[in-house]
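Data first, discussion second: the structure below is written as structure tokens.
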Amino acid sequence: MVDVSGVLDQMKICVLIPCHNEAQAIGRLVEQVKHLGLDVVVVNDGSTDATGSIAESKKARVITISPCGGKGNALRKGFEYILSQVYDALIIMDGDGQHSPEDLPAFIEHYKTTRASVINGNRMANNRNMPFVRKMTNVVMSWMISLVCRQRVADSQCGYRLISCEVLRNIKLNSTNFEIESEILIKASKKGLKIDSVPVQTIYEDEQSKIRPVKDTIRFFKYLLRELRSDD
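Take 984 as the starting number for the sequence shown in this note's numbering and just add one per residue.
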């Protein structure tokens, strides 16, 4: 992996990993991220396995929520902690191994160069491994989010993204589940902020997706309708 220590001398960035029952993957993931010189914050969202203790053993800062409150709630708890510290930005990664730490330097270099407020991971340039239903759902959702944001967002449902802490101080997030991915993009756009992107790998192995296609798609449309009616 590319050494980013020189870049990190000029800024402070941490990685935020929301987790629910990711004992198989979390230890290796934390090790790989910390090897790059980045702080790691793990939000242990109601796990019933050893996710929290493994992350702690690898020197991550662990925030535990019980019972499980959903990805959006876990992210908001993580944001609250990170904003109480002295960080310039954070990078969100999933805890199941779908996001490769090898892509972290690309986010950091792009942020160093542009100081972009939000940098989204884009899996769509190389999406051959993405399940067909997920690919089609993402195309439709990204098209809709792009319309609402009034700027192109190629992969709106990618949870791998860098967010400036200044953005999080200036938007109010309410979502408790996966629709938080869209809420961040829409509310940043309403503040007039440009959403950039960097290409990231698509990794699909034996992990079980936490996304429930029907329920979470309905939840997405309900959120979108609320946001369209909102003046905030």
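Positions of the beta carbon are idealized from the N, C-alpha and C atoms, including for glycine.
All of these numbers come straight from a predicted model, not from anything done at the bench.
Other residues of its chain near Thr1047: CB distance less than 7 Å, five sequence neighbours each side excluded: Within the sequence shown, the letter at position 64 stands for residue 1047. Only Asn1027 and Gly1035 meet the Cβ criterion.
Starting from Ser1125, trace the alpha helix (DSSP H) in both directions and tell me its first and last residue. As a working note, residue 1125 is residue 142 in the sequence shown. Unbroken alpha helix (DSSP H) run through Ser1125: Phe1115 to Cys1132.
Completely contained beta strand (DSSP E) runs for the stretch 1132-1161, where each covers 3 or more residues: 1144-1147, all fully within the stretch 1132-1161.
Quick check: the Cα distance between Pro1088 and Glu1210, rounded to an integer number of angstroms? For this step, residue 1088 is matched to residue 105 along the sequence shown. For this step, residue 1210 is matched to residue 227 along the sequence shown. C-alpha separation (whole angstroms): 33 Å.
With DSSP run on the structure shown, which of helix, strand or coil describes Thr1096? As a working mapping, residue 1096 is identified with position 113 in the sequence shown. Correct three-state label for Thr1096: helix.
Compare the C-alpha of Asn1112 against each of Ile996, Phe1203 and Thr1185 and name the closest. As a working mapping, residue 1112 is identified with position 129 in the sequence shown. Cα-wise, what sits closest to Asn1112 is Thr1185.
Helix, strand or coil: which one does DSSP assign to Ala1171? Position 188 of the sequence shown, counted from the start, is the residue given in the question as residue 1171. In the structure shown, Ala1171 sits in a helix (DSSP, three-state: H, G or I).
DSSP has Val1026 in a bridge; who is on the other side? Residue mapping note: residue 1026 aligns to position 43 of the sequence shown, counting from 1. DSSP output for Val1026 lists Pro1001 and Ile1046 as bridge partner(s).
Tell me the DSSP secondary structure of Asp1179 in three-state form. Position 196 of the sequence shown, counting from 1, holds the residue named residue 1179. Residue state, collapsed to three classes: strand.
What residue does the beta strand (DSSP E) around Ile1102 start on, and which one ends it? Working through the sequence shown from its first residue, we reach residue 1102 at position 119. First-last of the beta strand (DSSP E) with Ile1102: Val1101 to Asn1105.
Taking 7 Å as the cut-off, decide whether the C-beta atoms of Ser1147 and Ser1083 are in contact. Locating residue 1147 in the sequence shown gives position 164, where the first residue counts as 1. Locating residue 1083 in the sequence shown gives position 100, where the first residue counts as 1. No, Cβ-Cβ distance for Ser1147 and Ser1083 is not below 7 Å.
Using DSSP's beta-bridge definition, name the partner residues of Ile1074. In the sequence shown, counting from the first residue as 1, residue 1074 sits at position 91. For Ile1074, which the question treats as bridged, DSSP gives the partners Val998 and Leu1145.
Measuring alpha carbon to alpha carbon, tell me which of Asn1121, Tyr1143, Asn1157 and Ile1201 ends up nearest Asp1179. Locating residue 1179 in the sequence shown gives position 196, where the first residue counts as 1. Nearest of Asn1121, Tyr1143, Asn1157 and Ile1201 to Asp1179, Cα basis: Tyr1143.
Taking Ala1137 as the reference, give the member of Gln1068, Ile996, Gly1104 and Ile1000 with the closest Cα. Position 154 of the sequence shown, counting from 1, holds the residue named residue 1137. Taking only the C-alpha atoms, the option nearest Ala1137 is Gly1104.
Does DSSP classify Gln1015 as helix, strand or coil? In the sequence shown, counting from the first residue as 1, residue 1015 sits at position 32. DSSP places Gln1015 in helix when its eight states are reduced to three.
Of the listed residues Glu1166, Leu1012, Leu1066 and Ser1129, nearest to Lys1205 (C-alpha basis): Your numbering for residue 1205 matches position 222 in the sequence shown. Out of Glu1166, Leu1012, Leu1066 and Ser1129, Glu1166 has the C-alpha closest to the C-alpha of Lys1205.
Can you confirm whether the stretch 1116-1129 touches the stretch 1152-1160 when touching is taken to mean that 3 or more C-beta pairs between the two stretches lie within less than 8 Å? Too few Cβ pairs lie closer than 8 Å, so no.
Alpha-carbon to alpha-carbon, Leu1130 and Glu1014: As a working note, residue 1014 is residue 31 in the sequence shown. As a working note, residue 1130 is residue 147 in the sequence shown. In a straight line, the C-alpha of Glu1014 is about 39 Å away from that of Leu1130.
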